[in-house]
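Colleague: Pasting in a structure now, in structure tokens, and then I'll have a few things to ask.
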Amino acid sequence: LDIAHKQTNARRKAMSSPALTPDVTWTRPSDGTSVPGYAFGPPSSPSALVVFQEWWGITPQILAQAKQLSDDLDVRVLVPDLYRGKIGVDAEEASHLMSNLDFVAAVEDLKGAVNELKSGGAKKIGVVGFCMGGALTLASAVLAKDLVDCAVAFYGTPSPELCDVEKAGVPILAHFGEDDNLEGFSNPAAVEKLRGQLEKSGVEHEVHTYAGVGHGFMNDMPEMREKVKPLGFGEHKKDVADLAWQRTKEFFEKHVKA
1 LDIAHKQTNA RRKAMSSPAL TPDVTWTRPS DGTSVPGYAF GPPSSPSALV VFQEWWGITP
61 QILAQAKQLS DDLDVRVLVP DLYRGKIGVD AEEASHLMSN LDFVAAVEDL KGAVNELKSG
121 GAKKIGVVGF CMGGALTLAS AVLAKDLVDC AVAFYGTPSP ELCDVEKAGV PILAHFGEDD
181 NLEGFSNPAA VEKLRGQLEK SGVEHEVHTY AGVGHGFMND MPEMREKVKP LGFGEHKKDV
241 ADLAWQRTKE FFEKHVKA
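In our numbering, the protein residues as written are 1 to 258.
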């Protein structure tokens, strides 16, 4: 498979520039706010995705993952910059940025992205996110279920104050590491709670847990692995990441490409 973990050194060098500048904007429908973001793939694709960032912000890692999805699936991909250019250089700052984020407004950013994609000809649109973005992805399956066609969440669940996952209305795929230590967010207890909620929702769903990995197991770039070392998240395992990526691609091929 040609997945994110087999990118060329040239691509990684290009994506590692510290000056990441949004290349597209769209409008948040609730209040008309301009949303900056990043775009990959053919503008007029009938199939499209929205990618939600981790709590770190817009990093070379998340842009590489978005680009790889676009390349592998031949779809248009938009990545909203939820922090509006701010980056969590360490866990303390990332936690501060996430705590200050208006999650409802972030879902509105997604709604604006969906409108932008539909104006370009997209007929089916999926959403995918990692960590904080995983929680927002599941929230979108509830709060924007009339706009998106499916959702893929990596190691993140939304708070009950944000939404009731039992009211999800689109097919959902979720991935978690068995060794995840973030209580109430992505640890095994949170995963079991999510399974129960999705069963009650009645939507088509798959929830996978992977042995030997913890939180953020999809991140393979050296700078990202260095960031999480003090957090006890565990190691990146290529075979696990490859399997999760393959399942994600197959899910989007079924629900967005079909």
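Cβ coordinates follow ideal geometry from the N, Cα and C atoms, glycine included. Nothing here was measured: the structure is a model prediction, and the numbers come from that model.
Can you list, in chain order, the residues of its chain with a C-beta nearer than 6 Å to that of F40? Leave out the 5 residues immediately preceding and following it.
Modeller: The residue you call residue 40 lines up with position 40 of the sequence shown. The residues are A66, K67, S70 and V77.
Colleague: Quick check on this structure: which residue in G202, F252, L243 and C131 has the alpha carbon closest to the alpha carbon of H215?
Modeller: As a position in the sequence shown, residue 215 is number 215, starting the count at 1. Residue C131 is the option with its Cα nearest to H215.
Colleague: Would you check if the distance between the CB atom of K238 and the CB atom of F217 is smaller than 8 Å?
Modeller: Against the sequence shown, residue 238 aligns to sequence position 238. Against the sequence shown, residue 217 aligns to sequence position 217. Contact flag unset, no.
Colleague: By Cβ distance, which residues of its chain are closer than 6 Å to A106, with the 5 residues on each side in sequence left out?
Modeller: Counted from its first residue, the sequence shown places residue 106 at position 106. Counting only Cβ-Cβ distances below 6 Å, and skipping sequence neighbours, we find L82 and L136.
Colleague: Would you decide whether E54 is buried or exposed? Buried here means 16 or more other CB atoms lie within 10 Å of its CB.
Modeller: Within the sequence shown, the letter at position 54 stands for residue 54. The residue is buried, with at least 16 neighbouring Cβ atoms inside 10 Å.
Colleague: Under 8 Å by Cβ, that's how I've got R28 and D109 pegged, so tell me the actual separation to the nearest angstrom.
Modeller: As a first step, residue 28 must be located in the sequence shown, where it is residue number 28. As a first step, residue 109 must be located in the sequence shown, where it is residue number 109. So it is a contact: roughly 6 Å between Cβ atoms.
Colleague: If I follow the unbroken beta strand (DSSP E) through L243, where does it start and stop?
Modeller: Here residue 243 refers to the residue found at position 243 when the sequence shown is read from its first residue. Run containing L243: none in the beta strand (DSSP E); it sits in the alpha helix (DSSP H), K238 to F252.
Colleague: According to DSSP, simplified to helix, strand and coil, what is K6?
Modeller: Translated into positions along the sequence shown, residue 6 becomes position 6. Note on K6: pLDDT 35, under 50, position unreliable in the model; no value is reported.
Colleague: For P230 and M98, I'd like the C-alpha separation in whole angstroms.
Modeller: Locating residue 230 in the sequence shown gives position 230, counting from the first residue. Locating residue 98 in the sequence shown gives position 98, counting from the first residue. Cα to Cα, P230 sits roughly 19 Å from M98.
Colleague: Can you tell me the Cβ-Cβ gap for V128 and V51, rounded? I've got them flagged as a contact below 8 Å.
Modeller: Position 128 of the sequence shown, counted from the start, is the residue given in the question as residue 128. Position 51 of the sequence shown, counted from the start, is the residue given in the question as residue 51. Contact holds; Cβ gap of about 6 Å.
Colleague: Looking at C-alpha atoms only, which residue of R247, E226 and T248 is the closest neighbour of A91?
Modeller: As a working note, residue 91 is residue 91 in the sequence shown. Taking only the C-alpha atoms, the option nearest A91 is E226.
Colleague: If L198 sits next to H205, beta carbons under 8 Å apart, how far is it from one beta carbon to the other, in whole angstroms?
Modeller: In the sequence shown, counting from the first residue as 1, residue 198 sits at position 198. In the sequence shown, counting from the first residue as 1, residue 205 sits at position 205. Going by Cβ atoms, the distance from L198 to H205 rounds to 4 Å, so yes, they are a contact pair.
Colleague: Kindly indicate which residue of M221, K111 and A144 has the alpha-carbon position closest to the one of A64.
Modeller: Here residue 64 corresponds to residue number 64 of the sequence shown, with the count starting at 1. Answer by Cα proximity: M221.
Colleague: Closer than 8 Å is the cut-off here; do at least three beta carbon pairs connect the segment 21–38 with the segment 182–190?
Modeller: Touching, no.
Colleague: For R76, list the residues DSSP reports as bridge partners.
Modeller: Counted from its first residue, the sequence shown places residue 76 at position 76. Partner(s): A48.
Colleague: Alpha carbon to alpha carbon, how far is E178 from D242? Give it in angstroms, no decimals.
Modeller: The sequence position of residue 242 within the sequence shown is 242, counting from 1. The sequence position of residue 178 within the sequence shown is 178, counting from 1. D242 and E178: Cα-Cα distance of roughly 16 Å.
Colleague: For A190, I'd like the list of residues in its chain whose CB is within less than 6 Å of its CB, leaving aside the five on either flank, ordered along the chain.
Modeller: Here residue 190 corresponds to residue number 190 of the sequence shown, with the count starting at 1. Excluding positions up to five away in sequence, the list reads T157 and G184.
Colleague: For Q7, is the classification buried or exposed, using 16 other Cβ atoms within 10 angstroms of its Cβ as the cut-off for buried?
Modeller: Taking the first residue of the sequence shown as position 1, residue 7 is located at position 7. Any answer about Q7 is weak, because its pLDDT of 35 lies below 50 and its placement is not dependable; what the coordinates show is given next. Answer is buried; the Cβ neighbour count reaches 16.
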